Structure formats: structure tokens, C-alpha cells
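Here the sequence shown is numbered in this note's numbering, starting from 2 and rising by one per residue. Virtual Cβ for every residue (Gly too), placed ideally from N, Cα, C. Owing to the predicted nature of the structure, the values given are computational and were not obtained by experimental measurement. Structure first, commentary second.
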Amino acid sequence: GGEKKRAAIATTLITNPRILIGDEPTGDLDVVTAESILDLFDRINEELGIALCIVTHSQQVAARADRILEISDGIIIGRHGKEVILRNLDQSRLLEIDRQDRLAIPKEILQNIDNPTHFTASTKDGKIILNPVFDPNIYNNDVQEVITCSVCGKLVKDEARFCDKCGSTITNKKGKK
């Protein structure tokens, strides 16, 4: 296993990459061989200046990382320091607000509070407080049924047969307002 890994790494290095990406590069190796591959990665980084991005579920690999990102469904949901324990990510997770101002709450945390899908947010003493709302319909007491034109979107009267804006026939499909 280790010789095949070294050959694959050497083949990749021929292209003079700026970054080397490894997907579970030590997953099928014994501990000693895995350490030698990780030592090789360290030398590649230090001597050749090539950045490394390693995907892993291995504590052995994570312990040697400079930076650790936790990704779920393609979204970065947390950062961790070198002290990370992969079996207990909740203890070291630093959540991050992404460029769209979103904050991903890890599934394990949501499962601990019955998987709510809605929250109210407030602040107190410099802290953000998220409170789960298990019945989001409590905020929709004033829901009314309306009819809209399927062509232009204009609200129309219940009895209208044609849209007075675009002239389309109204099919009486009701939506919520």
C-alpha cells in the first residue's frame, strides 16, 4: 500500500503543483506506513513549498494538520485547532459565518434539541441567543387566501375571470399571502 501511495504522490509532483489534495491518503494503510506518508507530506510542504489539503476522518492525520475545517454537505460548518478530537467535534468547534452571512448549525447540535427548523434570535449581554420555534405557524395568524394571475402575478378579485392587467384567463388557483 505505501509504495503505491508514494508512486502516486511522485506522479503528481511531476506537474509542479502549488497544492496537493489527498482524499483519505492513509485510510488503507497501517499506522507505521501512514506515518511515513505523513512525513513525506511534511517534507513536500517544507522543502517544495507545496500546500496540502487532506480530507480525512483519521485522528492520526488530523493531529498533524496546521488548520482543520469541518465540512458537511459541501459547507464549512466549523474550524478546529490542533487539539481536535474527531470523535467529539462539538468540544472544539468554532462556528463561522460565511460570505452570505449564514451560520451553519451542526446536525448533532440540532439533533440534541429535537431538530428544529426555525429559531428566534436575540442578543443579551453581548451574546447571541437562538431559541428554537417548533411551530413556525404561530407567526402566520393573518394568512389569507388570494388569487393571482399566473402570467403577470397581479392579485385579482375572487370573481374575476380575466386579469385586468394582462388580460389572461384566471384559473382560480389560490395561493397564500
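Who pairs with residue i in a beta bridge, going by DSSP?
i	result
Asn132	Thr121
Cys54	Ile22
Val157	Ile148
How many angstroms separate the CA atom of residue i from the CA atom of residue j?
i	j	result
Thr16	Asp43	19 Å
Glu25	Thr57	5 Å
Ser123	Leu104	15 Å
Arg162	Cys153	15 Å
Ala35	Ile129	42 Å
Gly3	Asp40	12 Å
Gly176	Lys155	Unreliable positioning characterises Gly176 in this predicted model, as indicated by a pLDDT of 48, which lies under 50. A coordinate reading is not provided.
Ile171	Ile148	8 Å
His119	Asp67	35 Å
Gln101	Ile76	12 Å
Pro107	Val157	44 Å
Val62	Val32	10 Å
Could you spell out where the alpha helix (DSSP H) holding residue i opens and where it closes?
i	result
Thr34	32 to 49
Arg7	3 to 14
Ala63	60 to 63
Glu109	108 to 113
Buried or exposed for residue i, going by 16 or more other Cβ atoms inside 10 Å?
i	result
Cys164	buried
Cys150	buried
Lys178	Per-residue confidence for Lys178 stands at a pLDDT of 42, beneath the threshold of 50, marking its modelled position as unreliable; the derived number appears in the next sentence. So Lys178 ends up on the exposed side.
Leu49	exposed
Glu160	exposed
Gly168	exposed
Phe72	It should be pointed out that residue 72 corresponds to Ile in this sequence rather than to Phe. Answer is exposed; the Cβ neighbour count stays below 16.
Asp126	exposed
Lys6	buried
Leu30	buried
Comparing alpha-carbon positions, which option in the options lies nearest residue i?
i	options	result
Gln92	Ile77, Lys83, Lys6, Ala11	Lys83
Gln60	Leu49, Gly28, Pro117	Gly28
Ile114	Ile98, Leu95, Val134, Gly127	Val134
Ile55	Gln112, Leu21, Ser73	Leu21
Cys10	Leu30, Val33, Ile38, Val32	A small fix is needed here, since residue 10 is Ile in this sequence, not Cys. Comparing Cα-Cα distances from Ile10 to each of Leu30, Val33, Ile38, Val32, the minimum goes to Ile38.
Arg19	Asn46, Ile77, Val32	Asn46
Leu13	Gly79, Asp102, Val62, Leu53	This sequence places Thr at residue 13; Leu is not what is there. Ranking the options by Cα distance to Thr13, first place goes to Leu53.
Leu111	Ile51, Leu131, Gly127, Gly23	Leu131
Asp99	Val85, Thr121, Leu70	Leu70
Glu97	Asp136, His81, Gly23, Asn138	His81
Phe51	Gly23, Arg88, Lys5, Ile86	One detail in the question is off: residue 51 reads as Ile in this sequence, not Phe. It is Gly23.
Gly79	Arg65, Arg94, Ala8, Val85	Arg94
What are the start and end residues of the beta strand (DSSP E) that includes residue i?
i	result
Leu96	Counting along the chain, Leu96 falls outside any beta strand (DSSP E), and DSSP gives it neither H nor E.
Ser73	69 to 73
Ile77	76 to 81
Consider the Cβ of residue i: report whether some Cβ of chain D lies at a distance smaller than 8 Å.
i	result
Ile76	Note that chain D does not occur in the displayed structure, where there is just one protein chain.
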